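Numbering (this note's numbering), first residue to last: 27 to 223.
The structure appears below as structure tokens.
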Ligand code: ITT
């Protein structure tokens with residue numbers, strides 16, 4: 027069966043696409059349909075992921091997988107959280123978000139820079155699916171003082187995963203997928219879908 031991947035974030039598409047294709051699922055990127063983005067009006071990752079999956083399923087008539095994710099920084103009371111993509115405003119870029127976060131943590135010492143990435147993946151068989159599959163992955167680490175590395179996307183250059191000395195942007199794609207919030211959520215989803223891979 028065809029599944030539409032309900033995200034316009036290219037970093038997410040790259041990470042999800044590679045794993046899903048290895049498992050023999052036929053995934054169609056949302057960009058193939060020229061969909062209008064859904065309004066993310068929810069107050070949780072779960073709500074926003076459902077909104078995006080339902081919207082894509084409705085517009086395409088296909089099953090849909092959506093990803094709502096973000097970075098929760100302890101010293102900032104969990105911010106930017108669900109607002110991670112637009113932390114530095116409507117025309118935010120990865121660079122401007124990173125700059126804003128480093129500035130916000132300027133006076134925060136090393137031992138108080140803990141952060142956690144969250145990823146909620148939702149799978150809906152159709153837009154009126156009454157039992158969407160909901161999977162949640164977390165990735166603990168801390169925020170460094172400067173950006174390092176070119177891989178990945180978003181806040182990866184300033185996120186040092188627990189147990190590592192390098193940033194997430196210095197890990198190769200397969201290593202990040204093996205341990206990240208998204209990789210963990212996806213492993214759960216594939217288990218629920220009973221896809222062997
Ligand atoms: P879609 O809604 O189209 O999927 P988006 O980028 O707006 O794209 P979100 O609202 O879920 O998606 O925002 C997630 C943000 O969290 C993303 O833009 C990054 O800034 C950050 N983020 C999520 N996963 C990340 C990862 O693996 N590495 C670095 N940053 C990540």
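Ideal Cβ placement from N, Cα and C applies to all residues, glycine included.
It should be emphasised that the depicted structure is a prediction, and the values quoted were computed from it without experimental measurement.
| said: Once DSSP output is grouped into helix, strand and coil, what is the label at residue 149? | reply: Numbered from 1 along the chain shown, position 123 holds the residue referred to as residue 149. Residue state, collapsed to three classes: strand.
| Residue span of the beta strand (DSSP E) that contains residue 94, given as start and end | By one-based count along the chain shown, residue 94 stands at place 68. That run of the beta strand (DSSP E) goes 89-99.
| query | Which residues in the same chain as residue 160 place their Cβ atom closer than 7 Å to its Cβ, once the five residues preceding and following it in sequence are excluded? | reply | To locate residue 160, count along the chain shown from 1; it is residue 134. Contacts found: 72, 146, 148.
| message | So the candidates are 193, 54, 36, 176; which of them puts its Cα closest to the Cα of residue 91? | response | Walking along the chain shown from the start, residue 91 turns up at place 65. Nearest option by C-alpha distance: 54.
| field | Residue from 80, 192, 101 whose Cα sits closest to the Cα of residue 136 | value | As a position in the chain shown, residue 136 is number 110, starting the count at 1. Residue 101 is the option with its Cα nearest to residue 136.
| request: Report all residues from its chain with a CB closer than 7 Å to the CB of residue 98; omit the five preceding and five following residues, and keep chain order. | output: The residue you call residue 98 lines up with position 72 of the chain shown. Here the set comprises 104, 107, 141, 142, 144.
| query | Can you name, in chain order, every residue of its own chain whose Cβ lies under 8 Å from the Cβ of residue 95, other than the five neighbours on each side? | reply | Counting from one through the chain shown, the residue named residue 95 turns up at place 69. Closer than 8 Å at Cβ, skipping near neighbours: 38, 71, 110, 143, 144, 145, 146, 207, 208.
| Any idea which residues DSSP pairs residue 221 with across the strands? | Start at 1 with the first residue of the chain shown, and residue 221 comes out as number 195. According to DSSP, which records beta bridges pairwise, residue 221 is partnered with nothing at all.
| field | Start-to-end residues for the beta strand (DSSP E) that takes in residue 167 | value | Walking along the chain shown from the start, residue 167 turns up at place 141. Run containing residue 167: 159-169, per the beta strand (DSSP E) assignment.
| Close Cβ partners of residue 169 (< 7 Å) along its chain, the five nearest in sequence each way excluded | Locating residue 169 in the chain shown gives position 143, counting from the first residue. These residues qualify, in order along the chain: 99, 127, 131, 139, 141, 184, 185.
| From 80, 190, 174, pick the residue whose C-alpha is nearest to that of residue 156; which is it? | Numbered from 1 along the chain shown, position 130 holds the residue referred to as residue 156. The shortest Cα separation from residue 156 among 80, 190, 174 belongs to 80.
| field | Cβ-Cβ separation, residue 77 to residue 86 (assumed contact under 8 Å), whole Å | value | Counting from one through the chain shown, the residue named residue 86 turns up at place 60. Counting from one through the chain shown, the residue named residue 77 turns up at place 51. Going by Cβ atoms, the distance from residue 86 to residue 77 rounds to 15 Å, so no, they are not a contact pair.
| Mind listing, in chain order, the residues whose beta carbon lies closer than 5 Å to a non-hydrogen atom of the ligand ITT? | 33, 34, 35, 94, 95, 96, 110, 111, 180, 181, 182
| message | Can you give me the C-alpha to C-alpha distance between residue 211 and residue 205, rounded to a whole angstrom? | response | Residue 211 sits at position 185 when you count from the first residue of the chain shown. Residue 205 sits at position 179 when you count from the first residue of the chain shown. So the alpha carbons of these two residues sit roughly 10 Å apart.
| Which residues share a DSSP beta bridge with residue 132? | By one-based count along the chain shown, residue 132 stands at place 106. BP columns for residue 132 are empty, so no partner.
| 7 Å Cβ cutoff met for residue 175 and residue 195 | Residue mapping note: residue 175 aligns to position 149 of the chain shown, counting from 1. Residue mapping note: residue 195 aligns to position 169 of the chain shown, counting from 1. Yes. Within cutoff.
| query | How many Å lie between residue 84 and residue 193 at the Cα? | reply | For the purposes of this step, residue 84 is identified with residue 58 of the chain shown, where counting begins at 1. For the purposes of this step, residue 193 is identified with residue 167 of the chain shown, where counting begins at 1. The alpha-carbon atoms of residue 84 and residue 193 are separated by roughly 38 Å.
| said: Taking its Cβ as the centre, do 16 or more other Cβ atoms sit within 10 Å of residue 41, making it buried, or is it exposed? | reply: For the purposes of this step, residue 41 is identified with residue 15 of the chain shown, where counting begins at 1. Its Cβ being crowded by 16 or more others within 10 Å, residue 41 is buried.
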